[in-house]
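Asks: Below is one structure. I have some questions about it.
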Amino acid sequence: MNKPLQWIGQGVLYVLFAAFVVVFADWPPYRVLAPGHGLLRLSFSHPGKISTDCRQRSAEEMAKLQPQMRASQDCQRARSPVHALVELDGKRLVDQDFAPAGLSGDGASSGYWRAPIAVGTHRLRVQFRDDVRGGAAPFEREAEVQVREGQIVLVDFKADQGGIVIR
Amino acid sequence: MNGLGVRVVRVAERAFDAVFGARANPLRQLGALAFWLLWIVVASGFWVYALYETSVDGAWRSVQELHSLQPWGGGLMRSLHRYASDAFLLVSVVHLLREALLGRFRHFRWFSWVSGMPLPWLALISGVIGYWMVWDQRAQVIGQLAFEWAAVLPGIGLELVRNFIDAQAITDRFFSLLSFLHIGVPLLLLLGLWVHLLRLPNALTQPRRALAAGTLAVLVLASLGWPASLLPRADLEQLPLVIQLDWVYLGLLPLADAAPVATGVLCLAVTLALTLLPWWPPRRAAAPAARVDAPNCNGCTLCLADCPYGAISMAPHPTLPAPTRIAVVRSDLCAGCGVCVGACPSITPSRRGAPVVTGIDLPALPLATLREQLEAAIDALPDAAPRVLVLGCGVAARPGDCGPGTVMVTAPCAAQWPPVFVEYALHRGVDGVLVNGCPDGDCSFRLGERWTAERLAGTRRPQLHFQVPRERVRVHRAAREDSASLVQAVQTFRAALAAAPIPSEIRS
Numbered sequence: 000m001n002k003p004l005q006w007i008g009q010g011v012l013y014v015l016f017a018a019f020v021v022v023f024a025d026w027p028p029y030r031v032l033a034p035g036h037g038l039l040r041l042s043f044s045h046p047g048k049i050s051t052d053c054r055q056r057s058a059e060e061m062a063k064l065q066p067q068m069r070a071s072q073d074c075q076r077a078r079s080p081v082h083a084l085v086e087l088d089g090k091r092l093v094d095q096d097f098a099p100a101g102l103s104g105d106g107a108s109s110g111y112w113r114a115p116i117a118v119g120t121h122r123l124r125v126q127f128r129d130d131v132r133g134g135a136a137p138f139e140r141e142a143e144v145q146v147r148e149g150q151i152v153l154v155d156f157k158a159d160q161g162g163i164v165i166r
Numbered sequence: 000m001n002g003l004g005v006r007v008v009r010v011a012e013r014a015f016d017a018v019f020g021a022r023a024n025p026l027r028q029l030g031a032l033a034f035w036l037l038w039i040v041v042a043s044g045f046w047v048y049a050l051y052e053t054s055v056d057g058a059w060r061s062v063q064e065l066h067s068l069q070p071w072g073g074g075l076m077r078s079l080h081r082y083a084s085d086a087f088l089l090v091s092v093v094h095l096l097r098e099a100l101l102g103r104f105r106h107f108r109w110f111s112w113v114s115g116m117p118l119p120w121l122a123l124i125s126g127v128i129g130y131w132m133v134w135d136q137r138a139q140v141i142g143q144l145a146f147e148w149a150a151v152l153p154g155i156g157l158e159l160v161r162n163f164i165d166a167q168a169i170t171d172r173f174f175s176l177l178s179f180l181h182i183g184v185p186l187l188l189l190l191g192l193w194v195h196l197l198r199l200p201n202a203l204t205q206p207r208r209a210l211a212a213g214t215l216a217v218l219v220l221a222s223l224g225w226p227a228s229l230l231p232r233a234d235l236e237q238l239p240l241v242i243q244l245d246w247v248y249l250g251l252l253p254l255a256d257a258a259p260v261a262t263g264v265l266c267l268a269v270t271l272a273l274t275l276l277p278w279w280p281p282r283r284a285a286a287p288a289a290r291v292d293a294p295n296c297n298g299c300t301l302c303l304a305d306c307p308y309g310a311i312s313m314a315p316h317p318t319l320p321a322p323t324r325i326a327v328v329r330s331d332l333c334a335g336c337g338v339c340v341g342a343c344p345s346i347t348p349s350r351r352g353a354p355v356v357t358g359i360d361l362p363a364l365p366l367a368t369l370r371e372q373l374e375a376a377i378d379a380l381p382d383a384a385p386r387v388l389v390l391g392c393g394v395a396a397r398p399g400d401c402g403p404g405t406v407m408v409t410a411p412c413a414a415q416w417p418p419v420f421v422e423y424a425l426h427r428g429v430d431g432v433l434v435n436g437c438p439d440g441d442c443s444f445r446l447g448e449r450w451t452a453e454r455l456a457g458t459r460r461p462q463l464h465f466q467v468p469r470e471r472v473r474v475h476r477a478a479r480e481d482s483a484s485l486v487q488a489v490q491t492f493r494a495a496l497a498a499a500p501i502p503s504e505i506r507s
C-alpha cells in the first residue's frame, strides 16, 4: 500500500476508534423510569427491640459471677426483626420481615425496596413493627401523596423524628 | 479453537500491517498502548482533581465550572480523562482477547495471565467511582444501581445505597472518601500492572511514537469536538426519566438492575474461567527447560540479559574461583525457546569433528543437532550460485519450499541461532544467510526477533563478527501464515546476491 493510502487508512482507523469511544460514552440513553411514573422507595435502618424479656438474676446466680459482671438482669443480645408493611391505594406492596444485622443478630435491621408508581394522587399506608414480643404497638402512618413525574417518594424510619417519615 | 483464534488475529494484524506498517501496528503493542492511555488518564486527572471540590455543594459546581469557565483547559482535560479511560479499558480487553486467542497463557505465561485478570475490574471500579464524584443525575442513578447490585453479595448491606437516596445521609466527607478511592484504586491498578510485568523483562510499556501521538491527537480532537457530557446536579427527590450512560464503564449496571444475581454470577464465572484458562484442557507438555553446562559457562550474564521470561539468575560458580558466577535456569519459568542459547558467547561451531561447545543449551534440540541439520542442509544445496540458507523460527513462516538454491533449517526461535552459526554457514559455502523471525514486535517468545536483529546488526552481544559482509546476511520477519512473504524475501535476496560479486575470502 502506498504512503498516501496508508495515511488515509490510518486516519480512518483513528477516527473509527475515537468515534467508538465518543459514541458509546453517552449513547444509547438508558431509561430510568417509564414516562408518567414516579418512584416509591422504602429505605430504613433501625434496630428492633431486644427479642426476649430480660430475666432477673437470683442472689445465688449473682454470687457465682465475678464482681464486675454482677448485673441484676440477664438480657439476650438478639434483636427483633423489623416488619415493614407498605400499602398503596389498598394494595399491599411490601409485607416483609427484615432481619437484624450481626452474627448475634444484635445489629440494626436495614430494609430497601423500590418500585415505579403512576403519576397522580395515591393513598399510602405504612406500618413498622419492631418488637416480636408484641408488647408495643406498631408504628403506623397513612398519608395522601401527590406524585409528579420522576418524583421520588421516600419512606424511611427515624426514631428521633417520631418513627415513620414519608418524604 | 486455538487455530481458529490465531487465524482471526493474524487476519486482523495483516490488515493493520497494510495500514500502519508492521512496526507501528497497534494490535502488536496493545499492552504498551494501554500504558500510554493510562498515563493520559493520570495526567488529565491531576488537572481535573486540582480544581475539584470535595463537598456536597461544590462537587457538581466545580465540574460544571471546568466546562463553563475553562473549556480549553479543565473542560478539555475532563473530556480527555473520560475518553482516555474508556479507551484504556477497551484496549486492555482487546489485549486480553488477543493473548487468549493466540493461546498465550499456559505454562511459563500463567503468572502474567493470572495477574492481568483483576486489572480490568480495578479500572472498572475506579471508573464508576469517578462518575460518582461528578454528582450529577448519572451519579445518582448509577450509585443506586451499583449499591443495589453490591448488596447481593453477602456482607454488603443495603445501607450503602442510602448515600444515594437520602440527602441527609450525604456529607462532604463522602466526597473526600470518593476522591481517596478514585486515587487509591488506580494506585492498586498500577501495583497490579507492576506485578503483571514482573516476569516479563524488557516489557514494552511505550508504544511507537507515531501511534502514541496519533492516539493522543485523536482523543484531544474528540474532547474538543464532543466534550464529555455533564448532566444536571443530582437531586435525591427527583429521578431523571432518561440518562446518558457510558456503556464501556457502566454497561453492566442496567444488566445488573434487570438480573442482579445472574449478572453477578456471569461476571464471576467469566473471570474465574479466564483465570483458570492456563490449566484448562487439553494440557500440553511444556518444552524442556534449558540446561547450563558448568564447565563452559563463564558467568558472562548475556543469557540473563536476553531471557524473555526472567528464568535465568546468577549464582556462584561451582568449580571456577570467585567472583566467577554461573547461570541458573528456573525450569518453571523457562519457555524452552533457546533465546539464551543464541546469547551464549562460548559457542564454537567451527571446530570440525569436535562437539559444539556451549554454556547453555536446549535438551530438546541441542546446538549439536542444529549444526548437523545445518551442515546436512548446506551439503544438499546445489552448486549453482547463489546458494541461500534460511535460518528459520519454529513459530514463524515455514514454507515447504523456499525456492531453488535455497534450504531452510528451523530452531524453536530465530534467536536460538547464535551469530557464529551465520558466520559458520558462510564459511561452509553458502552465499547468503537469511534469518526469519516473527513479525516485528510479535515474537512468540517476546524478544527473539528483536535480539536477533540487534545481534546481527552488531548492536547487541554476541555480535556477528565485523568482518562478515553484511550484504550476505539478511533478517526477515514473516508470521506462520505469511509464508509467501518469506518466499518473496528469499527471491529478492537471491537476486541481490546474484548481482553482487561473492568475495572468495569468506569461503573456507
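Keeping their order, the protein sequence lines are chains Y and W. Sequential numbering of the first sequence, starting at 0, is according to numbering that gives the first Met the number 0. Sequential numbering of the second sequence, starting at 0, is according to numbering that gives the first Met the number 0. Beta carbons are placed, not taken as given, at the ideal position from N, Cα and C, and that holds for glycine.
Could one say the Cβ of Q5 (chain Y) lies closer than 8 Å to chain W's Cβ atoms, at least one of them?
Replies: Closer than 8 Å: yes.
Asks: Check whether chain W comes within 8 Å of R140 (chain Y), counting only Cβ atoms and requiring the distance to be less than that.
Replies: Not an interface residue.
Asks: Tell me whether V514 (chain W) sits in a helix, a strand or coil according to DSSP, three-state version.
Replies: The structure shown has nothing for residue 514 (chain W), since chain W only spans 0 to 507.
Asks: Nearest to P510 (chain W) by CA position, among W:G57, W:D165, W:L95, W:R232, is which residue?
Replies: One cannot answer for residue 510 (chain W) here, as it falls past the ends of chain W, which runs 0 to 507.
Asks: CB L203 (chain W) to CB A83 (chain W), shorter than 8 Å?
Replies: Not a contact, by the Cβ cut-off of 8 Å.
Asks: Answer yes or no: do G35 (chain Y) and V152 (chain Y) have a C-beta to C-beta separation smaller than 8 Å?
Replies: Taking 8 Å as the Cβ cut-off, G35 (chain Y) and V152 (chain Y) do not qualify as a contacting pair.
Asks: In or out: R506 (chain W) buried (at least 16 other Cβ within 10 Å) or exposed?
Replies: Reliability of the predicted coordinates at R506 (chain W) is poor, the pLDDT of 47 falling under 50, and no value is obtained from them.
Asks: Would G337 (chain W) pass as a contact of L361 (chain W) if the rule is Cβ separation under 8 Å?
Replies: Yes.
Asks: In angstroms with no decimal places, state the Cα-to-Cα distance between D155 (chain Y) and A83 (chain Y).
Replies: Between D155 (chain Y) and A83 (chain Y), the C-alpha separation is close to 10 Å.
Asks: Apply the 10 Å Cβ neighbour rule to Q1 (chain Y) and answer buried if 16 or more other Cβ atoms are within range, or exposed otherwise.
Replies: It is worth fixing the name first, because residue 1 (chain Y) is Asn in this sequence and not Gln. With fewer than 16 Cβ atoms within 10 Å of its Cβ, N1 (chain Y) is classed as exposed.
Asks: Give me, in chain order, the residues of the same chain whose beta-carbon lies closer than 6 Å to that of G510 (chain W); leave out the 5 immediate sequence neighbours on both sides.
Replies: The requested residue 510 (chain W) does not occur in the structure, where chain W is confined to residues 0 to 507.
Asks: Which residues in chain Y sit within 7 Å of S228 (chain W), going by Cβ to Cβ distance?
Replies: Chain Y residues near S228 (chain W): D25.
Asks: Could you give the first and the last residue of the continuous beta strand (DSSP E) run that contains E141 (chain Y)?
Replies: E141 (chain Y) -> beta strand (DSSP E) spans 138 to 146.
Asks: Could you check whether A395 (chain W) and A452 (chain W) sit closer than 8 Å to each other, using their CB atoms as the reference points?
Replies: Contact flag unset, no.
Asks: Within 8 Å (strictly less), CB to CB, does A31 (chain W) reach chain Y?
Replies: False, the Cβ-Cβ gap to chain Y never drops below 8 Å.
Asks: In this structure, does DSSP put Y248 (chain W) in helix, strand or coil?
Replies: Note: Y248 (chain W) maps to helix in three-state DSSP.
Asks: Once the 5 residues before and after D85 (chain W) are set aside, which same chain residues still bring their CB inside 6 Å of it?
Replies: These residues qualify, in order along the chain: V247.
Asks: Quick one: which residues of the stretch 159 to 184 of chain W get their C-beta closer than 8 Å to a C-beta of chain Y? List them in chain order.
Replies: Under the 8 Å Cβ criterion, the stretch 159 to 184 of chain W contributes V160, R161, I164, D165.
Asks: Tell me whether R506 (chain W) sits in a helix, a strand or coil according to DSSP, three-state version.
Replies: Note on R506 (chain W): pLDDT 47, under 50, position unreliable in the model; the coordinate value appears next. Residue state, collapsed to three classes: coil.
Asks: With a CB to CB cut of under 7 Å and the five nearest residues on each side skipped, what residues in its chain are close to A288 (chain W)?
Replies: V328, S330, C333, G335.
Asks: With a 10 Å radius around its C-beta and 16 neighbouring C-beta atoms as the bar for buried, classify V40 (chain W) as buried or exposed.
Replies: V40 (chain W) is buried by the Cβ-count criterion.
Asks: Among residues of its own chain, excluding the 5 on either side of I346 (chain W), which ones have a beta-carbon nearer than 6 Å to its beta-carbon?
Replies: T357, P417, V419, listed in sequence order.
Asks: Cα separation between A18 (chain Y) and L210 (chain W)?
Replies: Rounded to whole angstroms, A18 (chain Y) to L210 (chain W) spans 17 Å at the Cα level.
Asks: Compare the C-beta of R506 (chain W) against all C-beta atoms of chain Y and say whether one is closer than 8 Å.
Replies: Confidence at R506 (chain W) is low in this model, with a pLDDT of 47, below 50, so its placement is unreliable and no value can be given for it.
Asks: Using 8 Å for Cβ pairs, my map puts S54 (chain W) next to F174 (chain W). What's the rounded Cβ distance?
Replies: Confirmed, about 6 Å.
Asks: State the Cα-Cα distance for the pair R81 (chain W) and F16 (chain Y), rounded to the nearest angstrom.
Replies: Each residue's alpha carbon lies about 14 Å from the other.
Asks: Using the DSSP secondary-structure output, state which residues sit across from I242 (chain W) in a beta bridge.
Replies: DSSP output for I242 (chain W) lists Y:Y29 as bridge partner(s).
Asks: Look up C442 (chain W) in the DSSP assignment and give the residues it is bridged to.
Replies: W:R445, per the DSSP bridge assignment.
Asks: I'd like the list of long-range same chain contacts for R124 (chain Y), defined as Cβ closer than 7 Å, with 5 residues on each side in sequence excluded.
Replies: Here the set comprises E86, E141.
Asks: Cα-Cα, which of W:A138, W:I311, W:N297 is closest to T318 (chain W)?
Replies: When only C-alpha atoms are compared, the closest one is W:N297.
Asks: Please compile the residues from chain W whose C-beta is within a distance smaller than 9 Å of the C-beta of Q150 (chain Y).
Replies: In chain order: E236, Q237, L238.
Asks: Around the Cβ of G2 (chain W), are there at least 16 other Cβ atoms within 10 angstroms (buried) or fewer (exposed)?
Replies: That one is exposed.
Asks: Could you check where the alpha helix (DSSP H) with V140 (chain W) kicks off and where it finishes?
Replies: V140 (chain W) -> alpha helix (DSSP H) spans 136 to 149.
Asks: Within the stretch 27 to 105 of chain W, note down every full alpha helix (DSSP H) run reaching 4 residues or more, in order along the chain.
Replies: Runs found: 29 to 49, 57 to 68, 75 to 100.
Asks: Chain W partners of Q9 (chain Y), CB-CB under 9 Å?
Replies: Result: V18, F19, A23, A209, G213.
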